[in-house]
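The sequence shown begins at 1 in UniProt numbering and counts up one residue at a time. For each residue, glycine too, the CB sits at the ideal point set by N, CA and C. A quick note: this is a predicted structure, and the numbers were derived from the prediction, not measured.
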Amino acid sequence: MTRIPENDRDLIEQAIYLPMIVIILERDLQIIEKAPFKINRPYITLVENTLKKVQRDLKEVRDKMRKGNMKVHQVSRDDTFTMFSFLYKGFEEQHNYFNPRLRNKCEELLDFYLNKED
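Set out below in structure tokens:
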């Protein structure tokens, strides 16, 4: 049973997913820059703007976590699960995340950010 309230757990999970989204977007940007599109500037602009939105949200999440005395870090990873350690106001909890769930949530968030209007 977790001692972490749902809203704080959601914040911690954002601290897991958003850095993954940043990595995905940075890799995609490199691929798009090298791709043989006739006109690649609009794609580059789309990915760069999305990356800025994600980085802005990640900064807000990290600031809120710092103020709330929360930390998260990856402990281990195998073919099926990734284990994270949540430090919450002096307590430590370890949570396993199913890797396909992580991928699906990242895909969902990526879709959200790519279609997000400012």
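Those residues which DSSP pairs with residue i across a bridge
i     : result
Met83 : Ser76, Asn96
Tyr88 : Met70, Phe91
C-beta atoms of residue i and residue j nearer than 8 Å
i     : j      : result
Tyr17 : Lys105 : yes
Asp78 : Val47  : no
Ile4  : Tyr88  : yes
Asn49 : Thr80  : no
Glu93 : Thr2   : yes
Supposed close pair residue i, residue j - CB separation, criterion 8 Å
i      : j      : result
Val54  : Tyr113 : 6 Å
Glu33  : Leu51  : Between Leu51 and Glu33 the Cβ distance is about 13 Å, and since that is not below 8 Å, they are no contact.
Leu102 : Met65  : Wrong, their Cβ atoms sit about 19 Å apart, outside the cutoff.
Gly68  : Asp8   : 6 Å
Residue environment, residue i, which counts as buried when at least 16 other CB atoms sit within 10 Å
i     : result
Gln14 : buried
Val61 : buried
Val75 : exposed
Phe86 : buried
Phe84 : buried
Glu21 : According to the sequence as given, residue 21 is Ile; it is not Glu. Looking at its Cβ environment, which holds 16 or more other Cβ atoms inside 10 Å, Ile21 is buried.
* Could I get the ranges of all uninterrupted alpha helix (DSSP H) runs contained in the stretch 3-78, with 4 residues as the minimum, in chain order? => 6-34, 41-67
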